[in-house]
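Participant:
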Amino acid sequence: MNQYNRNTPIDDIAYLARSHHRVPTLVALTEQPRSRSELCGLTDVSSSTMRRTLSEFDDRTWVRKNGHEYVATRLGEAIASGMEDLIERVETERKLRYVWPWLPDEISEFPFETWSELTITVAEPDSPYCPVGRFESLLRTTTTLRFLRPEVALMDLCFDVLHQRVKDGVETTLIDRPECHSYFLSTYPDRSSEMIQRDNFTVLEHDEFPPCGIGLLDDCITISCYEEGSGTVHAVVDTDAAAVREWAESTYESYRREARPHTLESVAE
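First residue of the sequence shown? That's 0 in numbering that gives the first Met the number 0, and the numbers climb one at a time after it.
The structure is reproduced here in structure tokens:
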């Protein structure tokens, strides 16, 4: 019996994972035949290391030699594809790991394929406003904005853009707590007064909200992950996944139906 038949699947996975060049080598050989020197150049390993790797692959029937080149067998193609899928899955999990506690429970019910379509922008110690900057870039191109818990859109980095987009005619509806709107209106009194007079800008209030902000833009849905109590933005998630849009539309409309108008006059009172 071939010695590799006595190994477990985990042993083969561990073998591939122990060195960074092994999976890329096998994947490269599924694309086209390559020489050993070409593979060394692609993976930045020595000729002797690549020789041992190709020998191990050959013993497992993952590759075959064709003249001076190597090519993956169908077995090798299956292993390479599986490892790429595994790496993609782990990469997606690693992105979600940090923001998972702030995401709505419904996100956990979506299939993995939907998770992989999420773009996650996290606040880093040396770049704490990255999530706000990400939302600002999305705000610049949309022609409609509906936002449940829009704190990220009202921050200094975004507010000038929001003000300009409303002036440009972007249809905008913001739903938030009364105290959040009062703070917004008192902090930016002149621009707020100007905006709220426009037919394309609507401010509504509600007393209960999900822990995250949900923004509905032309081409994507955004989920803003806030720190409870402070409103600090930990991350912004955006996606064009149809399943997420369907959930966001339903959630937004459920709050929209129960929301009530909020006006500048109510602040003055």
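We put the CB at the ideal spot given by N, CA and C, even for glycine. Here the structure is a predicted model, which is why all the values come from computation and not from measurement.
#1: Could you say which of L161, D237, C219 and E90 lies nearest to R201 if we only look at CA atoms?
#2: Looking only at its chain, what residues have a beta carbon closer than 6 Å to the beta carbon of A109, apart from the 5 residues adjacent to it on each side?
#3: Where does A16 land, buried or exposed, given buried means 16+ other C-beta within 10 angstroms?
#4: Indicate whether the contact test is met: 3 or more Cβ pairs, each with one atom in the region 203–223 and one in the region 65–73, closer than 8 Å.
#5: With distances taken between CB atoms, is the gap from R139 to K166 smaller than 9 Å?
#6: Would you grab the beta carbon distance between L203 and P260 for me? Rounded to a whole angstrom, and I think it's under 8 Å.
#7: Please classify A258: does DSSP put it in a helix, a strand, or coil?
#8: Applying the 10 Å Cβ sphere with the 16-neighbour rule, what's the burial state of V89?
#9: Assign F183 to buried or exposed, taking buried as 16 or more other Cβ atoms, counted over all protein chains shown, within 10 Å of its Cβ.
#10: Could you say which of L156, R59, E178 and I220 lies nearest to I106 if we only look at CA atoms?
#11: Express the C-alpha separation of H19 and L137 in angstroms, rounding to a whole number.
#12: Sort T141, F134, S54 and N65 by Cα distance to R149 and report the nearest one.
#13: What residue does the alpha helix (DSSP H) around C219 start on, and which one ends it?
Facilitator: The answer reads as follows:
#1: The sequence given here places Thr at residue 201; Arg does not occur at that position. Residue L161 is the option with its Cα nearest to T201.
#2: Correcting the residue type first, residue 109 is Phe in the shown sequence and not Ala. Cβ within range, chain order: A242.
#3: exposed
#4: no
#5: no
#6: 6 Å
#7: coil
#8: exposed
#9: buried
#10: I220
#11: 36 Å
#12: Note that residue 149 is Pro in the sequence shown here, rather than Arg. Among T141, F134, S54 and N65, the Cα nearest to that of P149 belongs to F134.
#13: No alpha helix (DSSP H) contains C219, which DSSP labels as neither H nor E.
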